[in-house]
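2 protein chains.
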Amino acid sequence: MDDIDRELVALLQQDATQAYAALGKAVGLSAGAAHERVRKLRERGIIRRTTVDVDPAALGQGVLAFVMVESSAWMGESGAAFATIPEIQEAHIIAGSASVLVKVRTATTVQLQDVLRRLYAIDGVSGTQATVSLETFFERPVSPLVN
Amino acid sequence: MDDIDRELVALLQQDATQAYAALGKAVGLSAGAAHERVRKLRERGIIRRTTVDVDPAALGQGVLAFVMVESSAWMGESGAAFATIPEIQEAHIIAGSASVLVKVRTATTVQLQDVLRRLYAIDGVSGTQATVSLETFFERPVSPLVN
DNA sequence: GCTGAAAGAGACGGCTC
DNA sequence: GAGCCGTCTCTTTCAGC
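As you go down the protein sequences, you meet chains P and B in turn.
If you use this note's numbering, the first sequence corresponds to residues 411 to 557, in order.
If you use this note's numbering, the second sequence corresponds to residues 411 to 557, in order.
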């Protein structure tokens, strides 16, 4: 994992459809060498997968909310329970008063309410506190070049 | 945007490297027809870009935190200011006591502290409240199939 | 939306440093 | 171990239908 690898990752984050020849040129390598490095990055799990970035609004999911989930018990093994709710995009155990923070996308606030209802159905959940996003400034990939 | 389009988006989210022939087969279309639909999805901006999903820990960014940023003024035009901090992965205007919620990734908590310092340097920022994630259950793409 | 042919990209081997 | 350069295969792309 050297600087060239980091550059390759950054380039692929911007556009994963570009040819290895172009990638190689950008980092000063041949197409084959660039290909080899990217293959190893995938193999090592640094690049988890190649995916597409989708506009949530276009899928009719214009409402974004962050929900603090309070619990009366240790939630460390409850990941699967949260995963069964498809509207939940992320779930994290957090340090602080609430115990789990989830990121939720729905079409309407009525559907958001329904997600909250399903959250309460999870064992140990004792409360929720939803914060609705009014506008998203940006959402971007992790920057590999901060170091 | 019909059911086939939604299926195509879901398939591409799982693996954007697969061939159009395979995509077409999965949804009952020829390779050419599948390609045409995906092209239009990109053209319409429903698919924003093709990117790679990177393991943040592998990039040495093992610390994840959500920071509520309180402000003494309207922050509606401050998106660019937040964008200049590369450790900030997302920034949203929220309804609630704080006015902006940001998602931050750093290598260490010391660097997280430095991000907070840079947040305070933004015009109008009057306070921050950071919540550190202890464990991430999951982070996944928006589900196109919830409707 | 399908089919067929041309152009291009990716995968794999051997080879060198 | 990393990079380079062949070749072969598969995919993409664009035409006409």
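Cβ atoms here follow ideal geometry from the backbone N, Cα and C, with glycine treated the same way.
Report the neighbours of residue i on chain B: residues whose CB is nearer than 9 Å to its CB, in chain order.
i	result
residue 542 of chain P	504, 505 and 506
residue 461 of chain P	422, 423, 424, 425, 426, 460, 461, 462, 463 and 551
Here's the rule: buried if 16 or more other CB atoms are within 10 angstroms of the residue's CB, otherwise exposed. What is residue i?
i	result
residue 412 of chain P	exposed
residue 430 of chain B	buried
residue 433 of chain P	buried
residue 513 of chain B	buried
residue 426 of chain P	buried
residue 449 of chain B	exposed
residue 533 of chain B	exposed
residue 483 of chain P	exposed
residue 447 of chain B	buried
residue 475 of chain P	buried
residue 540 of chain B	buried
residue 544 of chain B	exposed
Please compile the residues from chain B whose C-beta is within a distance smaller than 8 Å of the C-beta of residue i.
i	result
residue 464 of chain P	419, 423, 456, 457, 458, 551, 552 and 554
Which residues bound the alpha helix (DSSP H) around residue i?
i	result
residue 418 of chain P	413-424
Which residues in chain B have a C-beta closer than 7 Å to the C-beta of residue i? List them in chain order.
i	result
residue 489 of chain P	547 and 548
residue 501 of chain P	547 and 548
residue 497 of chain P	556
What in chain P is Cβ-close to residue i, meaning under 8 Å?
i	result
residue 494 of chain B	Going along chain P, no residue has its Cβ under 8 Å from residue 494 of chain B, so there is no contact; the nearest lies around 11 Å.
residue 468 of chain B	411, 454, 455 and 456
Uninterrupted alpha helix (DSSP H) stretches inside the segment 492-536 of chain P (no shorter than 4 residues) | 519-530
Ranges of the beta strand (DSSP E) found wholly within the segment 428-504 of chain P, counting only runs of at least 3 = 457-464, 473-481 and 498-504
Under 9 Å (Cβ pairs) to chain P, residues found in the segment 511-532 of chain B | 511, 512, 513, 515, 516, 517 and 521
Near-chain B residues of the segment 423-457 of chain P (beta-carbon distance less than 8 Å), N- to C-terminal order = Going along the segment 423-457 of chain P in chain order, one finds 423, 424, 425, 426, 427, 454, 455, 456 and 457 with a Cβ nearer than 8 Å to chain B.
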